[in-house]
Amino acid sequence: MRSWGVVRVLTSLVVLLLLLLPASPRAQDAVQDPPLTLVTSDGRQTVPTTRVDGHELVALDDVRRLFGVTVREDALAGGVTVSYQGRTIVASADRPMASVNGRIVTLPSPVVRDGGRWLVPVEFLSGALAAIYDRRIDFRRDARLILLGNVSIPRVSARIDRSGPPTRASIDITPTAGVTVTHEPGRMLLRIDAAEIDPALPPDGSGLIDAIALGNRPNVVVVVLSPATEGRATVTTVNQTTTRVLIDVAPVATAAVPVGPAATPPRAAPATPPPFPPATAPALSAAAAGLGAGPSRAWQTIAIDAGHGGYDRGVQGPGGLEEGQVTLDVARRLRSLFETRLGLRVLLTRDSDLSLTLDERAAVANNGRASMLLSLHANGSSSRAQAGAEIFYFRPDRESEQLARTSLAGAVSLPTFAGGLRTIDLIPWELAQVRHLDESAVLAGVLREELQRHVPMSRQPLRQAPMRLLSSVNMPAALVEMAYLTNPGQEAQFGSDEFKDAMALALFDAVVRFRAWSEQPRTP
Amino acid sequence: MSDATGNGESNRGWWLLLAGGLALFGVIAWGIAQIGPSDPPAATESDPTAAPATGTDQGGAHIAATLFFGSPDGQALVPLQRDVPLGSSAVEQGQLILTAQLREEAPAPYISVIPPGTTLRAFYVTDRGDAFVDLSREVVDGHPGGSQHELLTVYALVNVITSNLPAARRVQILVDGTEVDTIAGHVDLRRPLASDPSLVRED
Chain H
1 MRSWGVVRVL TSLVVLLLLL LPASPRAQDA VQDPPLTLVT SDGRQTVPTT
51 RVDGHELVAL DDVRRLFGVT VREDALAGGV TVSYQGRTIV ASADRPMASV
101 NGRIVTLPSP VVRDGGRWLV PVEFLSGALA AIYDRRIDFR RDARLILLGN
151 VSIPRVSARI DRSGPPTRAS IDITPTAGVT VTHEPGRMLL RIDAAEIDPA
201 LPPDGSGLID AIALGNRPNV VVVVLSPATE GRATVTTVNQ TTTRVLIDVA
251 PVATAAVPVG PAATPPRAAP ATPPPFPPAT APALSAAAAG LGAGPSRAWQ
301 TIAIDAGHGG YDRGVQGPGG LEEGQVTLDV ARRLRSLFET RLGLRVLLTR
351 DSDLSLTLDE RAAVANNGRA SMLLSLHANG SSSRAQAGAE IFYFRPDRES
401 EQLARTSLAG AVSLPTFAGG LRTIDLIPWE LAQVRHLDES AVLAGVLREE
451 LQRHVPMSRQ PLRQAPMRLL SSVNMPAALV EMAYLTNPGQ EAQFGSDEFK
501 DAMALALFDA VVRFRAWSEQ PRTP
Chain Z
525 MSDATGNGES NRGWWLLLAG GLALFGVIAW GIAQIGPSDP PAATESDPTA
575 APATGTDQGG AHIAATLFFG SPDGQALVPL QRDVPLGSSA VEQGQLILTA
625 QLREEAPAPY ISVIPPGTTL RAFYVTDRGD AFVDLSREVV DGHPGGSQHE
675 LLTVYALVNV ITSNLPAARR VQILVDGTEV DTIAGHVDLR RPLASDPSLV
725 RED
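Taken in sequence, the protein lines are chains H and Z. If you use our numbering, the first sequence corresponds to residues 1 to 524, in order. If you use our numbering, the second sequence corresponds to residues 525 to 727, in order.
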């Protein structure tokens with residue numbers, strides 16, 4: 001009996017020992033990642049990976065096979081050498097770094113020696129191997145792609161801007177690529193001119209779009225429409241690097257409900273329209289409107305933000321002129337133009353030398369239900385030579401866009417005094433601008449065209465950036481840096497009525513053009 | 525008695541066997557512990573990837589880091605290679621690179637985009653790859669203002685981290701240990717920012 005008891009004790013120890021083994025920090029995780037795909041001009045190959053301590057690693061044996069490098073282990077030094085055409089990488093086990101041609105490159109996790117295998121973080125390929133290789137190595141983590149050489153795979157990011165109806169979605173293709181849009185019953189197919197794409201698509205649909213997903217072919221995106229709806233696609237060129245496809249989906253009128261596949265024959269996307277309304281013809285045709293369908297509403301109110309002020313003096317010129325003074329001066333001139341020439345109600349975020357937070361400025365425009373916001377500023381630099389006007393519109397980060405997509409789909413129904421319910425969209429304050437990005441891009445483009453007619457411009461006058469004020473503004477909006485106050489010549493210009501009047505007139509002309517475009521009725 | 529003596533000897537035997545089993549278990553458990561990650565060994569001159577104990581006691585070990593300065597026209601960031609002491613970890617390497625970025629004078633004809641006197645208070649990286657750069661108050665008080673210059677200031681700091689530390693994918697800037705809306709009233713700093721290659725120009 002006693003001997004049996006001791007045997008049981010020893011057996012328990014062995015079981016405990018076996019339980020400890022998987023708890024070892026070196027143990028490989030049970031979750032298996034899908035393999036990476038190496039894309040070259042010759043084709044595709046899979047690259048298996050292993051997850052160790054939460055980090056994704058690739059075996060150097062696979063790197064040797066796929067990239068044709070030489071891998072040599074130095075058992076005495078506890079390291080491994082990867083060579084290619086006389087250039088070398090030296091790495092040591094358990095070190096999150098490698099020496100690449102004598103220069104240290106840090107890695108996100110240590111190099112691992114697992115039995116007879118050497119494993120390196122997948123970032124080793126783009127961070128270390130790329131430095132000694134004779135072709136470009138581009139690691140796209142989200143798409144799980146490794147691009148080798150001059151392989152162009154456009155990044156295709158989609159978002160649903162507005163639940164509607166009509167529902168509006170934007171699909172950006174970077175770098176630019178041709179797109180063929182085909183309409184089929186219940187869906188639209190976007191065929192991108194590339195061997196394949198790097199997709200960043202929303203997880204869910206919203207409004208009248210049930211889903212945006214990859215098609216059966218690696219270069220096709222499918223927009224799945226809700227029943228009894230019709231979609232319209234407009235292809236635009238945002239800038240030199242990005243093509244944008246705007247999808248507008250609206251309910252089909254009862255009399256026009258398609259019956260069977262023949263009711264919606266395939267059709268090609270319309271020709272690319274000009275992105276901005278022309279200066280000479282405020283009344284635009286629907287085809288040239290640029291942003292497709294959407295309800296138009298007559299403007300009654302606009303908001304003008306005189307940047308800085310109060311204790312926040314902003315930029316100070318070498319002669320003592322302050323940004324808060326000149327922005328208020330030009331804002332008042334602009335208000336006078338709008339009130340006297342157009343009869344518009346103008347909200348100034350401040351009409352005196354007052355300190356306001358950026359959220360308080362956004363609140364003036366949002367609560368006043370303005371149709372547009374212009375934020376006026378004067379620029380500064382440590383170099384006095386810099387000069388010229390610049391225009392900024394909002395650029396969200398990917399996480400904000402994702403948040404906005406999910407948030408914009410949310411709505412609540414609230415009881416009204418007259419009885420019944422009223423549906424209200426809930427929008428996070430700091431993401432309000434996301435739904436107006438397209439209109440803000442048009443506004444910024446028109447501002448650039450008008451300003452360059454009247455005042456000096458900087459070398460790169462149009463920029464998209466994560467501007468704090470613009471992020472919270474629930475309307476088309478742009479920030480204008482009118483001139484460099486740190487430039488003595490431009491500071492002197494700000495001292496003259498002629499320059500400030502020219503600036504106000506240029507801004508006025510731009511807003512008039514944008515208003516004409518914005519109020520243009522557009523049919524889905 | 526004889527039974528009692530025999531039982532006593534038998535007990536001693538079993539206890540010895542049990543003690544031997546425990547010792548064997550201890551040895552195997554110690555062996556397992558040795559297999560796991562351990563502190564890196566001390567640096568040796570023969571191993572180029574070995575990291576010394578601190579970033580300031582390098583014995584001359586340096587890495588080539590990419591720092592960012594303003595282009596002469598103030599419209600872009602220009603990457604320049606500079607030798608920076610080798611750190612013993614990614615975090616220490618980040619501290620050393622940031623310190624170099626903050627201290628380095630812009631060589632002519634480039635312009636400085638970091639306000640003079642700005643110092644690094646703290647730096648750390650989360651498991652998600654978000655780096656936090658805590659700067660002294662001078663980055664706000666000494667900033668000349670303007671959207672473009674503020675963009676260059678912010679993205680010089682973001683890019684210098686994301687370009688040199690693969691473990692960091694995004695960067696959040698803090699001032700005096702707390703989150704701030706902006707440095708000079710324009711660029712949103714409430715979230716970690718990814719690098720902006722559109723601002724970088726190779727001169």
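C-beta atoms are modelled at their ideal positions from N, C-alpha and C, and glycine is treated no differently. All values derive from a computational prediction rather than experimental measurement.
Backbone secondary structure at residue i - three-state DSSP
i             : result
residue 726/Z : coil
residue 73/H  : strand
residue 438/H : helix
residue 731/Z : The structure shown does not extend to residue 731/Z, since chain Z is modelled only from 525 to 727, so the question has no answer here.
residue 454/H : helix
residue 701/Z : coil
residue 390/H : strand
residue 709/Z : coil
residue 299/H : coil
residue 505/H : helix
residue 193/H : coil
residue 327/H : helix
residue 96/H  : coil
residue 79/H  : strand
residue 644/Z : strand
residue 343/H : coil
residue 112/H : strand
residue 511/H : helix
residue 65/H  : helix
residue 526/H : Outside the shown range of chain H (1 to 524) lies residue 526/H, about which nothing can therefore be said.
Span of the alpha helix (DSSP H), counted from its first residue to its last, around residue i
i             : result
residue 490/H : 488 to 494
residue 588/Z : First-last for residue 588/Z: 586 to 594, but that is the beta strand (DSSP E), not the alpha helix (DSSP H).
residue 624/Z : 614 to 627
residue 364/H : 358 to 367
Spatial distance of residue i from residue j (CA atoms)
i             : j             : result
residue 323/H : residue 372/H : 22 Å
residue 694/Z : residue 655/Z : 6 Å
residue 719/Z : residue 686/Z : 7 Å
residue 44/H  : residue 37/H  : 6 Å
residue 721/Z : residue 332/H : 38 Å
residue 388/H : residue 109/H : 46 Å
residue 619/Z : residue 602/Z : 21 Å
residue 716/Z : residue 430/H : 14 Å
residue 351/H : residue 364/H : 12 Å
residue 627/Z : residue 609/Z : 14 Å
residue 662/Z : residue 449/H : 38 Å
residue 208/H : residue 375/H : 34 Å
residue 69/H  : residue 63/H  : 7 Å
Residue(s) in a DSSP beta bridge with residue i
i             : result
residue 531/H : This structure cannot speak to residue 531/H, because chain H is shown only from 1 to 524.
residue 187/H : 184/H, 224/H
residue 538/Z : For residue 538/Z, which the question treats as bridged, DSSP gives no partner whatsoever.
residue 447/H : None, per the DSSP bridge assignment.
residue 204/H : None; residue 204/H has no bridge partner.
residue 91/H  : 80/H, 98/H
residue 482/H : Residue 482/H is not bridged to any residue.
residue 576/H : Residue 576/H lies beyond the range of chain H shown here (1 to 524); nothing can be said about it.
Other residues of its chain near residue i: CB distance less than 7 Å, five sequence neighbours each side excluded
i             : result
residue 532/H : Past the boundaries of the shown model lies residue 532/H; chain H is included only from 1 to 524, so the question cannot be answered.
residue 308/H : 314, 323, 324, 327
residue 174/H : 154, 155, 241, 242
residue 555/Z : Low confidence applies to residue 555/Z: its pLDDT is 46, below 50, so where it sits in the model is not reliable, and the reading given next is rough at best. Nothing meets the Cβ criterion.
Residue i: first and last residue of the uninterrupted beta strand (DSSP E) it sits in
i             : result
residue 140/H : 137 to 140
residue 379/H : 373 to 379
residue 565/H : Here chain H comprises residues numbered 1 to 524, so residue 565/H is not present and cannot be evaluated.
residue 656/Z : 654 to 659
residue 198/H : 198 to 200
residue 720/Z : Residue 720/Z -> no beta strand (DSSP E), and no H or E assigned at all.
Own chain, CB closer than 6 Å to residue i, minus 5 neighbours either side, in chain order
i             : result
residue 704/Z : 713
residue 193/H : 177, 178
Close-in-space but distant-in-sequence residues of the same chain around residue i (CB under 8 Å, 5 per side omitted)
i             : result
residue 60/H  : 71, 80, 82, 117, 118, 119, 120
residue 440/H : 393, 394, 433, 470, 476, 477, 478
residue 500/H : 326, 329, 330, 333, 494
residue 701/Z : 645, 646, 658
Closer than 8 Å: residue i CB and nearest the ligand FAD heavy atom
i             : result
residue 493/H : With respect to the ligand FAD, the structure shown offers nothing to examine, as it has no ligands at all.
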